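Residue numbers (our numbering): 60 to 488. Note that CB positions come from ideal geometry on N, CA and C, so glycine has one too. These figures come from a predicted structure and were not determined experimentally.
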Ligand SMILES: O=C(O)CCC(=O)C(=O)O
Ligand SMILES: [Fe+2]
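Written as structure tokens, this is what we have:
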């Protein structure tokens, strides 16, 4: 058992380096997950690690970081239940719990190629990485999600004086929190040693752990909700009302044989929380539904549902591209479903999905001489499709940080009922 107590006694920079070297000597080669296998492949990950049982570290490093790391994370992950303030004393309180996971050490040339961390259950929200305040070159943490990329260069930040500050007791410990579906990689270390401590962050309904403060993210900074708000006020927008589907922007881990989205409502991440709160505040009826990708290559009806638990659930909406089904949580003995076609709605930028029996859209157009029958009512309008979250679901199985353990990512969509203009929340007088 290695102790990291040297972190708390403000050693000189030389002593600090000696302690780090000793630490790295105690580490073992680090594996990663490929499918459900644990593999050692130094073309994918060249690093060493200490499993959490082999070292000791108090939680204090989290507050040593100069700011309350958990408080910052909680602002990102706070679920919709937090939005009633003051909290209902009868309601369970949501809390964050960090669990020490492991220590990662990368010597010169060490790296970890792009991957996502394996979800560890419904309550797992992500990984907290804390860097030891030691200078090194290279070894940047590159994080990408939804087409955006952030690079954390902790090694040079430390070279610029964090370590010196450390000796003046002004320690600043770099950290990053990654939602569990976020892709990340560690670029090769050019010199020195990069050491990180990883915590798994869980969210529970309980009164222990770290309680959420009120999130301070401004709803109006989130563009999609502004668009919906002005659209609702426009009498030309869906005058007869419609059902909108807006895919969440993050993927969420779900147990393989369960499809309840209830847990997800309580663990919405970042911008998804804002959108949920906003849709609710517009007085709209919002539910969360799981979306599954169909395998376009499988022939045979049932085989399409390769990710869908077969028993007790029925997909109720499917789009014509054959790529997605939206599943509602309800059971039925008979397995009945509707094919739904897509066309581009020329009067708006949104794609409209039309119900159209068992015809493909092409067949339908042929038979109707290219005219769209106005009796076909829009069934679901996709405001945002779940492409991005599915891409993530796909590669998660191939490369992750641990073998898969019975959880996978599914895309989830908000299903929003928009009433006809002049009714319900769209009555303005
Ligand atoms: O050391 C790091 O910064 C990243 C480690 C990591 O991604 C992992 O252990 O899954
Ligand atoms: Fe990772």
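Suppose contacts are defined by Cβ-Cβ distances below 8 Å. Is residue 184 in contact with residue 260 by that definition?
For this step, residue 184 is matched to residue 125 along the chain shown. For this step, residue 260 is matched to residue 201 along the chain shown. Yes. Within cutoff.
**Request:** Please name the residue in 290, 346, 209, 477 whose C-alpha comes closest to that of residue 242.
**Result:** Here residue 242 refers to the residue found at position 183 of the chain shown. Selected option, being the one with the closest Cα: 209.
- Task: Can you have a look at residue 163 and say buried or exposed, based on whether 16 or more other CB atoms are within 10 angstroms of its CB?
- Result: Taking the first residue of the chain shown as 1, we reach residue 163 at position 104. Residue 163 should be labelled buried.
Q | C-beta atoms of residue 258 and residue 157 nearer than 8 Å | A | Residue 258 sits at position 199 when you count from the first residue of the chain shown. Residue 157 sits at position 98 when you count from the first residue of the chain shown. Going by C-beta atoms, residue 258 is nearer than 8 Å to residue 157.
Give me the Cα-Cα distance between residue 196 and residue 172, rounded to the nearest whole angstrom. Taking the chain shown and counting its residues from 1, one reaches residue 196 at position 137. Taking the chain shown and counting its residues from 1, one reaches residue 172 at position 113. Distance between the alpha carbons of residue 196 and residue 172: 17 Å.
Using only the alpha-carbon positions, how far apart do residue 478 and residue 97 sit? As a first step, residue 478 is located in the chain shown; it is residue number 419 there, counting from the start. As a first step, residue 97 is located in the chain shown; it is residue number 38 there, counting from the start. Cα-Cα distance, rounded: 51 Å.
TODO: Kindly list the residues whose CB is nearer than 7 Å to the CB of residue 87, restricted to its own chain and excluding five residues on each side of it in sequence; keep chain order.
DONE: Your numbering for residue 87 matches position 28 in the chain shown. Counting only Cβ-Cβ distances below 7 Å, and skipping sequence neighbours, we find 107, 108.
Nearest by alpha-carbon distance to residue 495: which of 91, 100, 213, 99 is it?
In this structure the chain extends from 60 to 488, so residue 495 is not present and cannot be described.
Using only Cβ atoms and a threshold of 6 Å, which residues come within that distance of a heavy atom of ligand 1? Order them by chain position. 163, 171, 176, 188, 200, 243, 245, 255, 257, 460
Give me the Cα-Cα distance between residue 182 and residue 91, rounded to the nearest whole angstrom. The count along the chain shown starts at 1 and reaches residue 182 at position 123. The count along the chain shown starts at 1 and reaches residue 91 at position 32. Cα to Cα, residue 182 sits roughly 22 Å from residue 91.
Mapping the DSSP letters down to three states, classify residue 310 as helix, strand or coil. Indexing the chain shown from 1 puts residue 310 at position 251. Residue state, collapsed to three classes: coil.
Among 248, 255, 206, the one whose alpha carbon lies nearest that of residue 159: In the chain shown, residue 159 corresponds to position 100, counting from 1. Per the Cα distances, 255.
Contact defined as beta carbons within less than 8 Å: I believe residue 187 pairs with residue 238. What is the distance between those atoms, to the nearest angstrom?
Numbered from 1 along the chain shown, position 128 holds the residue referred to as residue 187. Numbered from 1 along the chain shown, position 179 holds the residue referred to as residue 238. So it is not a contact: roughly 11 Å between Cβ atoms.
Exercise for the section: Enumerate in chain order the residues of its own chain whose CB-to-CB distance from residue 168 is below 7 Å, with the five nearest sequence positions on each side excluded. Expected result: Position 109 of the chain shown, counting from 1, holds the residue named residue 168. Only 105, 247, 248 meet the Cβ criterion.
Three-state secondary structure assigned by DSSP to residue 78
Position 19 of the chain shown, counted from the first residue, corresponds to residue 78. Of the three classes helix, strand and coil, the one that applies to residue 78 here is helix, per DSSP.
*Grouping DSSP H, G and I as helix and E and B as strand, with all else coil, what is residue 328?*
Along the chain shown, one-based indexing puts residue 328 at 269. It is coil, neither helix nor strand.
Nearest-angstrom Cβ-Cβ length linking residue 294 and residue 480, presumed shorter than 8 Å:
Within the chain shown, the letter at position 235 stands for residue 294. Within the chain shown, the letter at position 421 stands for residue 480. 5 Å between Cβ atoms; contact.
>> So, at 8 Å on beta carbons, what are the nonlocal neighbours of residue 216 in its own chain, with the 5 sequence-adjacent residues on each side left out?
In response: Numbered from its first residue, the chain shown carries residue 216 at position 157. Contacts found: 233.
> Quick one: what's residue 521 bridged to in DSSP?
Replying inline: Residue coverage of the chain in this structure runs from 60 to 488, which leaves residue 521 outside it and unanswerable.
Pick from 332, 175, 103 that is closest to residue 308, judged by C-alpha positions:
One-based indexing of the chain shown puts residue 308 at position 249. Of 332, 175, 103, the residue nearest in Cα terms is 332.
Extent of the continuous alpha helix (DSSP H) run through residue 215: If you number the chain shown from 1, residue 215 lands on position 156. Where residue 215 is concerned, the enclosing alpha helix (DSSP H) stretches over 213 to 216.
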